[in-house]
DNA sequence: GGAAATTGTCAATTGAATTTACAAAATAAA
DNA sequence: TTTATTTTGTAAATTCAATTGACAATTTCC
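Dropping the structure here:
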């Protein structure tokens, strides 16, 4: 049973977070908040007064425009809260401390080249300590630690499972460990999901409410936002599009399955046995080399097959590409759009768009730390 | 924006529905409701008093057992509400009127063999009228109409899209139509999802909170319950497992995609070009015929491939089989369990179970009408 | 028979949003 | 320039639902 009743306490917390969530994006006046949320102006005034008192928000200079008294925009205080972001991938680890306005106050590249798992975890702890010290932020104001790591992982348990070529972190209960060492809440999600959420929260996703973020590098990652929420089954990993099978009699994958999308479409696997060493090289060659174009067409075919299958389980209207394949995406994207829209079950009036993900400065740390604020403001 | 504030009105409605939802399964005392929901005993008393006054619930004879004053079980009144259930599939249509305790008060087979779409819709309307008249139920007490139909369909818009071999109902806005003709709210979902929800609500799903209902007949249907909720992307159809591809270079499917699970594993497609006309015949033959066994093994392989891919997008712990394949399922199930658990990404400690769905008397009407109560009790 | 536990109710209280009214501030219109 | 209109934000009184804390009634355990 949900054991979730609704009472005055819940109501207040919910509405407070509703207001904070709204203000985190950009300044909004009391009256506008009332209109957007459905609360009365009086209620918003009360909530705002409390948040002002707590110095979580501040008033900006009133600005006019339309008739009537000038509205006073309310804005989140930069120091209303802080979050640590840790980004792990096969190349290494970056960590940073971020304020509520998405400014990175301090960041560090964590050296993890050698040593045991325990030593690496210890290295991580030291880095976090250093970040807090350097930035001078009060530990009480840090809402938590967001960890972005390759999947599969168990977000609820805070445990990295067994991502391919990531052996050292296999079966690492990084959530429990960090929580114990720092006393802070830890949120673990896979790289692609973090990025998807960040794109959504920053309204970079072209207003799509149902999109797939497809991260194509040395592996294939995916994150799904459906109706503004991260799609999550329960329990362990989810949305591992890289490990759905596009051929039940196909190539074996280290994950144990057969014909995984990743076994075909991850860049190293795509290029194995060809004359090309990198995606960039392939794209550059494709201007004059029919063989290169053929390989690129294959990539579009693989990725489209995965997207179509996904689309038949959870409808999406937009695919956002990220990772190495962004280079030369203006060639790849039309191929994918064409195949997806000709083969996917869909309403005639609705097509699936494929878009290149915008480059974002500091995306790794920001997308990792963003989980903390994003989840912290959900009741 | 959510435009969903929380206030006293919301709070009350939520808690009332919480109590009703609980009581719909079986009688529970006030004190027990308090423990299960987290409300105080006093609050539950107040809510119960109102529901008693409205004759939505009733008190049963107190029964003892443990120490202390005997608790008075509260039970839903059979006539607290009614729902119409309409079940559509390729063989025809059944409709029924059901009370809140899942008793079918009246039912009708709807003749739809001939005539235009308009004539069939009209036939449907007449049937509904008849059901209401025959049962003598007050129309004000009918909460709505639940329609269970083959997918793909758009539940939000209440529109059947283009299920294969179901041409007459293609692009039918059955929701809007029924709503207009009857004035009742209409809930449309696909057959497998309805059944999944019904299994879940009746606690037939072996207490699984994340399961896939896999309906294998002349088509392949699927419904996913995740954390007790129906998995829904937004917009149009969802969880059409029958149309995910298990082979990107495979058989073309009428849906437009290539290598769809349904193209391989729907019974008629599986048996095409073999000596067998029906699943039953195949199973009967398999006792002595190696060729029949081989075909069955293929079926297990196809279905498992689909389940594995699904599992990599939304984790499930249980698969419940339904449809024709239930015959002889004691042979099919171990094959599937073995393949799924050896190939799917999963935590070592967790295995996916495959179970035969229990036969339920009147399942078609009950699963269709159940949507009405189930959705009507969510805030 | 008395102690302990349990259920259900009651009256008073709390706490949140709402209602209603109004002052202040800006633009538009006369 | 003056007046009307619109809009914002606040304040006091009100409403409404759940909670608190006390208590009677009832049952089993010792």
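Chains as they are written, first to last, in the numbering used here: chain A, 1 to 379; chain B, 1001 to 1379. Backbone N, C-alpha and C fix where the C-beta goes; we use that ideal spot for every residue, glycine too.
Chain-order list of chain A residues neighbouring residue 1152(B): 345, by C-beta distance under 7 Å. Residue 1208(B) is positioned such that its CB atom lies no closer than 7 Å to that of residue 1351(B).
Contacts with chain B (Cβ-Cβ distance below 8 Å) from the region 65-95 of chain A involve no residue at all.
The C-alpha of residue 1144(B) lies about 21 Å from the C-alpha of residue 1237(B).
Cβ-Cβ distances below 8 Å link residue 1171(B) to 1159, 1160, 1161, 1162 in the same chain, with the five nearest sequence neighbours on each side left out; the list follows chain order. Judged by DSSP in its simplified three-state form, residue 92(A) adopts strand. Residue 1215(B) has its alpha-carbon roughly 54 Å from the corresponding atom of residue 105(A). Listed in chain order, the non-local C-beta contacts of residue 37(A) below 8 Å within the same chain comprise 15, 18, 19, 22, 44, local neighbours out to five positions each way being set aside. Taken through DSSP and simplified to helix, strand or coil, residue 1099(B) comes out as strand. For residue 1154(B), the beta-bridge partners assigned by DSSP are 1159(B).
A distance below 6 Å between beta-carbons, with the five flanking residues on each side excluded, links residue 1253(B) to the following residues of its chain, in chain order: 1260, 1263. Not a single CB atom of chain A sits nearer than 7 Å to the CB of residue 1199(B). Secondary structure note for residue 1373(B): its alpha helix (DSSP H) is the uninterrupted segment 1363-1376. Residue-level contact check: residue 39(A) touches chain B, since one or more beta carbons of chain B fall below 7 Å from its beta carbon.
Straight through space, the alpha carbons of residue 224(A) and residue 1010(B) are spaced by roughly 30 Å. For residue 222(A), the secondary structure class from DSSP, reduced to helix, strand or coil, is strand.
Between residue 312(A) and chain B, the shortest Cβ-Cβ separation is below 7 Å. Residue environment for residue 101(A): exposed (fewer than 16 other C-beta atoms within 10 angstroms of its C-beta). Using a Cβ-Cβ distance cut-off of 8 Å, the region 1173-1191 of chain B and the region 1134-1152 of chain B are in contact, since at least three pairs of beta carbons, one from each stretch, lie closer than that value. Closest in alpha carbon position to residue 358(A), among 27(A), 312(A), 206(A), is 206(A). Per DSSP, residue 1073(B) is one residue of the beta strand (DSSP E) stretching across 1073-1076. Secondary structure at residue 1054(B): coil, using DSSP grouped into helix, strand and coil. Identification of residues in the region 1196-1229 of chain B having a C-beta nearer than 7 Å to some C-beta of chain A yields 1209, 1210, 1226, 1227, given in sequence order. In the structure shown, residue 133(A) adopts helical secondary structure according to DSSP, grouped into three states. In the three-state scheme derived from DSSP, where H, G and I count as helix and E and B as strand, residue 26(A) is classed as coil.
Taken atom to atom, the span from the alpha-carbon of residue 195(A) to that of residue 375(A) is near 14 Å. By the criterion of at least three beta-carbon pairs nearer than 8 Å, the region 184-198 of chain A is not in contact with the region 288-301 of chain A. The beta carbon of residue 5(A) sits closer than 7 Å to some beta carbon of chain B.
Sorting 1099(B), 1258(B), 1110(B), 1285(B) by C-alpha distance to the C-alpha of residue 344(A) places 1258(B) at the top. From the beta-carbon of residue 1258(B), the residues of chain A found nearer than 7 Å are 343. Distance between residue 55(A) and residue 232(A), taken at the CA atoms: about 34 Å. At a beta-carbon threshold of 9 Å, none of the residues of chain B lie near residue 193(A); the nearest stands roughly 12 Å away.
Counting along the chain, no alpha helix (DSSP H) covers residue 189(A); the unbroken beta strand (DSSP E) around it starts and ends at 186-190. According to the DSSP assignment, residue 1274(B) belongs to no alpha helix (DSSP H), since it is labelled neither H nor E. Residue 1212(B) and residue 1202(B) do not touch by the CB rule: their CB atoms are close to 17 Å apart, not below 8 Å. In this structure, DSSP gives residue 1080(B) a helical state, which the three-state scheme calls helix.
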